[in-house]
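Peer 1: Quick note, the sequences are listed as chains A and B, same order.
Residue numbering for the first sequence is 4 to 275, as defined by my numbering.
Residue numbering for the second sequence is 4 to 275, as defined by my numbering.
For every residue, glycine included, the Cβ atom is placed at its ideal position computed from N, Cα and C.
Number of protein chains: 2
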Amino acid sequence: MPRIEIICVGNELLMGSTVNTNASWLSQKIYKLGCVTARHTVVGDDVDSIAEAVREALKRRTDLLIVTGGLGPTYDDKTLKGVAKALRRKLEVNKEALKQVEAKYRELAERGVIAKFELTPSRVKIATLPSKSIPIRNPVGIAPAVIINYKTSKIICLPGVPAEVKAIFTESVAPIIKQMVGDLFVAEGCLEVKSLPESSIAPILDKVVERRRGVYVKSHPRGFEGSEPKLEIYISVTKPSKAEAEAVKEEVLSELATAICEAGGEVRRKQP
Amino acid sequence: MPRIEIICVGNELLMGSTVNTNASWLSQKIYKLGCVTARHTVVGDDVDSIAEAVREALKRRTDLLIVTGGLGPTYDDKTLKGVAKALRRKLEVNKEALKQVEAKYRELAERGVIAKFELTPSRVKIATLPSKSIPIRNPVGIAPAVIINYKTSKIICLPGVPAEVKAIFTESVAPIIKQMVGDLFVAEGCLEVKSLPESSIAPILDKVVERRRGVYVKSHPRGFEGSEPKLEIYISVTKPSKAEAEAVKEEVLSELATAICEAGGEVRRKQP
Chain A
4 MPRIEIICVG NELLMGSTVN TNASWLSQKI YKLGCVTARH TVVGDDVDSI
54 AEAVREALKR RTDLLIVTGG LGPTYDDKTL KGVAKALRRK LEVNKEALKQ
104 VEAKYRELAE RGVIAKFELT PSRVKIATLP SKSIPIRNPV GIAPAVIINY
154 KTSKIICLPG VPAEVKAIFT ESVAPIIKQM VGDLFVAEGC LEVKSLPESS
204 IAPILDKVVE RRRGVYVKSH PRGFEGSEPK LEIYISVTKP SKAEAEAVKE
254 EVLSELATAI CEAGGEVRRK QP
Chain B
4 MPRIEIICVG NELLMGSTVN TNASWLSQKI YKLGCVTARH TVVGDDVDSI
54 AEAVREALKR RTDLLIVTGG LGPTYDDKTL KGVAKALRRK LEVNKEALKQ
104 VEAKYRELAE RGVIAKFELT PSRVKIATLP SKSIPIRNPV GIAPAVIINY
154 KTSKIICLPG VPAEVKAIFT ESVAPIIKQM VGDLFVAEGC LEVKSLPESS
204 IAPILDKVVE RRRGVYVKSH PRGFEGSEPK LEIYISVTKP SKAEAEAVKE
254 EVLSELATAI CEAGGEVRRK QP
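1. Taking K221 (chain A) as the query, report the chain B residues whose CB atoms sit under 7 Å from its CB, ordered along the chain.
2. Per the DSSP calculation, S27 (chain A) is bridged to which residue(s)?
3. Measuring only the C-alpha atoms, how far is Q274 (chain B) from V240 (chain B)?
4. Consider the Cβ of T123 (chain A): report whether some Cβ of chain B lies at a distance smaller than 8 Å.
5. If we ignore side chains and look at the alpha-carbon of each, how far apart do L74 (chain B) and E167 (chain B) end up?
6. Here's the rule: buried if 16 or more other CB atoms are within 10 angstroms of the residue's CB, otherwise exposed. What is D280 (chain B)?
7. If we define contact as Cβ-Cβ less than 8 Å, is D209 (chain A) a contact residue for chain B?
8. Kindly say whether N23 (chain B), judged by its beta-carbon, lies nearer than 8 Å to any beta-carbon of chain A.
9. Note down the Cα distance separating R215 (chain A) from K233 (chain B), rounded to an integer number of angstroms.
10. Report buried or exposed for M4 (chain A), applying the criterion of at least 16 other Cβ atoms within 10 angstroms of its Cβ.
11. From the DSSP output, read off the bridge partner residues of C160 (chain B).
12. Please state whether DSSP places A262 (chain B) in a helix, a strand or coil.
13. In the structure shown, what three-state DSSP assignment does E121 (chain A) receive?
14. Please compile the residues from chain E whose C-beta is within a distance smaller than 7 Å of the C-beta of Y34 (chain A).
15. Return the residues of the segment 177-201 of chain A that lie within a Cβ-Cβ distance of less than 9 Å from chain B, sorted by chain order.
16. Along chain A, in chain order, which residues have C-beta atoms closer than 8 Å to that of Q31 (chain B)?
17. For T77 (chain B), I'd like the list of residues in its chain whose CB is within less than 8 Å of its CB, leaving aside the five on either flank, ordered along the chain.
18. Output, in chain order, the set of chain A residues within a Cβ distance shorter than 8 Å of E59 (chain B).
19. Using a Cβ cut-off of 9 Å, pull out every chain A residue sitting near G75 (chain B), in sequence order please.
20. Kindly say whether T131 (chain A), judged by its beta-carbon, lies nearer than 8 Å to any beta-carbon of chain B.
21. Which residue's Cα is closest to the Cα of K135 (chain A): A:R92, A:C160, A:E121 and A:F172?
22. What residue range is occupied by the uninterrupted beta strand (DSSP E) comprising G192 (chain A)?
23. Using 8 Å as the Cβ pair cut-off and three pairs as the minimum, do the segment 258-273 of chain B and the segment 189-197 of chain B touch?
24. Assuming contact is defined by CB atoms lying nearer than 8 Å, are T40 (chain A) and L83 (chain B) in contact in what I supplied?
25. If the cut is a Cβ gap below 8 Å, which residues of chain B does G267 (chain A) touch?
26. Using the three-state DSSP reduction, which class does E228 (chain B) fall into: helix, strand or coil?
27. Excluding the 5 residues flanking C264 (chain B) on each side, which residues of the same chain have their C-beta closer than 7 Å to its C-beta?
28. Kindly confirm or deny that the segment 53-69 of chain B and the segment 107-117 of chain B touch, where touching means at least three C-beta pairs closer than 8 Å.
29. By the criterion of Cβ-Cβ separation under 9 Å, what are the contact partners of T44 (chain B) in chain A?
30. Whose C-alpha, out of B:E247, B:D80 and B:A177, is nearest the C-alpha of Q31 (chain B)?
31. Check whether the Cβ of R126 (chain B) lies closer than 8 Å to any Cβ atom in chain A.
32. So with CB distances below 8 Å, who are the chain A contacts of Y237 (chain B)?
33. Is the shortest distance between the beta-carbon of A26 (chain A) and the beta-carbons of chain B less than 8 Å?
34. Provide the residue span of the beta strand (DSSP E) that contains V116 (chain A), from first to last.
35. Tell me whether V45 (chain B) is buried or exposed, calling it buried when 16 or more other Cβ atoms sit within 10 Å of its Cβ.
36. Let me know if R140 (chain B) comes out buried or exposed under the rule of 16 or more other beta-carbons within 10 Å of its beta-carbon.
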């Protein structure tokens, strides 16, 4: 299984004004492709913090490092500076990226959104990438995404705007991950349990997981353990075929439901 | 300014089924107390990953490390094991924590939620803490939070359930941060800008920030840079008095509004 990590860059995440939905959206998509993201890191708009986080992720032998945010035209868009510093590569205007950026601003000028076409320093900055970068088309925004191959790792930098993250991931990143992971299928299920606290369910879950591979079970308290116990038990099964994943999931769900009923809990299936 | 980091523990965060609202809620509260969180890290329910993340945060001279999640009774609640490993401390049943846990389960038995009072291994686990830990009261759930003083750092472990995080933070963690930070006040403002792309606003922001201390300005694209440019410019000013913070904020907001109008943008104030 490849090791995938995500670094999100943005002071607004560290100030708590923005919830990190990019990390969860990306992780969910990666999970559906058969792989669990190994770590999320959030750092601010600071070259040294970004470089440090990138270096640390590479030290952990990360195969694919996805970095989001900080590709725009303003002074605090510092991701590519940070990545270049971590890899000891120079920043240089990338011809292909400049072509993409130029086309976008020409179009804006034609539509009258900007007064005239002009490649200002802020706009050229968007196309200034670490050396040996490969720009990727941004179908909805201006800043191209960036692929950098470094030793045995691949670093992909995406913008921070969620709509741009989603479009670029779907078009260009998902196929790369699919190829790294190979054919794996995930089947998911969920049980809602009432009238039994998590501490009473813990030994039941232990038993089910002990005996099986590729099966993941986790309980999430939804009511307060202290007042009205209500739990969700999430089950996922990862297997090389869809049929096998579904079959094992059914087996686990009914085994759990039986054991929980016997222990005095109320249980019902629910959409995961 | 103290260095504060947050580590969130939970496979569900890395699988993308749960959005990390704990990190943003905590960061927002910490920011209102005058301090920007330095980093968020998310790791899975794995002792070695937790221990590694804790060790790394302490190496970065973190004064206060907040760890959320993984304090419950199930086999995959591994936070305290991970913290103990990072600090090379033993895990032991903490008398004060056991008293708190016992009282909660006695109450559950009295109310008939559990059939009888019993300190099962899963329940004693909740009170099994790294040596020299100080348990903190959990006003809404069962697992006590944990304070550990380690060299010049303080580690605070909170449960993962958002209602428990909020209650314990407000009651017991906010006062600790307030004391670390001292008296600082944050004034926030926001401008909505239309008809001018971010690349045209970038040089205006540069100028305003260059000349001032304690002033933070960041633009966030809300429409697509490529189609209908719409931006929010967030401003915050941190000063030792509320009056000063408010005065500087007003100054910055009107200076920005004037410059943006002169450049051809439409601008209006909005709630931050």
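Peer 2: Walking through what the data contain:
1. N14, E15 and D79
2. DSSP, once it has assigned bridges, lists no residue as partnering S27 (chain A).
3. 15 Å
4. yes
5. 11 Å
6. Because chain B spans 4 through 275 in this model, residue 280 (chain B) falls outside it and cannot be assessed.
7. yes
8. N23 (chain B) counts as touching chain A.
9. C-alpha separation (whole angstroms): 52 Å.
10. exposed
11. B:V70 and B:V149
12. helix
13. coil
14. Any reference to chain E falls outside this structure, whose protein chains are A and B.
15. Close to chain B, meaning a Cβ-Cβ distance shorter than 9 Å, are the following residues of the segment 177-201 of chain A: E191, S198, L199, P200 and E201.
16. M18, G19 and S20
17. S125
18. E59
19. E201, S202, A205, S222, P224 and E228
20. no
21. A:R92
22. F188 to K197
23. yes
24. no
25. Correct list: A118.
26. Confidence at E228 (chain B) is low in this model, with a pLDDT of 49, below 50, so the placement of that residue is unreliable and no value is reported for it.
27. Counting only Cβ-Cβ distances below 7 Å, and skipping sequence neighbours, we find V270.
28. At 8 Å Cβ cutoff, the stretches do not touch.
29. By Cβ distance, chain A contributes R42, H43, T44 and V45.
30. The shortest C-alpha separation from Q31 (chain B) is found at B:A177.
31. yes
32. E15 and S20
33. It does; some Cβ of chain B falls within 8 Å.
34. Taken as a continuous stretch (DSSP letters only), V116 (chain A) belongs to no beta strand (DSSP E), as it is neither H nor E.
35. Here V45 (chain B) is buried: its Cβ has 16 or more other Cβ atoms, across all protein chains shown, within 10 Å.
36. exposed
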